[in-house]
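Just below is one structure, and these are the notes that go with it.
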Amino acid sequence: YRYFPGKEQLLDDLLPPALLDQLENLATARLAYLTAARDASGRTDPQAQALRASLAQGLETHRRETAFLLRGAQGTKHAGFAGRIAHTLTRAFTAWALSSGSAIPEGGDRLVSILYTNMLHSLGTLLGSLPPPDASSLQALLHYHTEGMIALSQRWRNT
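Quick note: the sequence shown, position 80, residue 135 per this note's numbering, numbers continuous.
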């Protein structure tokens, strides 16, 4: 910490508030939209495909910072970032599922929270791996996750 008084100041310099806001937007608004982006026939909205590519590109650009935050950021004021994102995504998914006619069973919100928590953990692990993932790998993970969440909502709608 030769140039910084301590770890907190170093991390504050590496993770400025504007970047944190940008990463939070990437992880919440865009993922929530991707889950809901279906037309009546069940096809993925073309805008969602472009958004998935944009999200993957943003994650690739900020992979180190995002990996740090999603893997826990222990010992910093950013600890709990992934949990806050998972909570926001759970609320957004639940609201969308209800608005689309799904009946969320008892414990369903807990299941959704676990699924988002695990997806964010997987994303953090992938982003922190060597060699670093390319945008197509990130798109594949996002596609897999959003398709699974959509299938879950459809199952709840049909029960």
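The beta carbon of each residue, even a glycine, is placed where N, CA and C say it ideally should be.
query	result
Under the three-state DSSP convention, the category R210 falls into	helix
Three CB pairs or more closer than 8 Å across the stretch 119 to 129 and the stretch 141 to 155	no
Element boundaries [alpha helix (DSSP H), containing P72]	72 to 80
Buried or exposed (CB count within 10 angstroms, at least 16 for buried), R118	buried
In chain order, each beta strand (DSSP E) run of at least 3 residues that lies wholly inside the stretch 122 to 176	none
Secondary structure of P101, DSSP reduced to three states	helix
Check whether S157 and R212 have beta carbons under 8 Å apart	yes
Integer Cβ distance of L196 from S177, believed to fall under 8 Å	7 Å
Reduced DSSP category for G179 - H, G, I as helix; E, B as strand; rest coil	helix
Outcome for R165 when other beta-carbon atoms lying within 10 angstroms are tallied against a minimum of 16	exposed
Inter-residue spacing [alpha-carbon to alpha-carbon] between L110 and M204	17 Å
Counted within 10 angstroms of its Cβ, other Cβ atoms place Y171 as buried (16 or more) or exposed	buried
6 Å CB neighbourhood of L181 in its chain, flanking five on each side removed	P188
Within 8 Å, strictly: CB atoms of I140 and L175	yes
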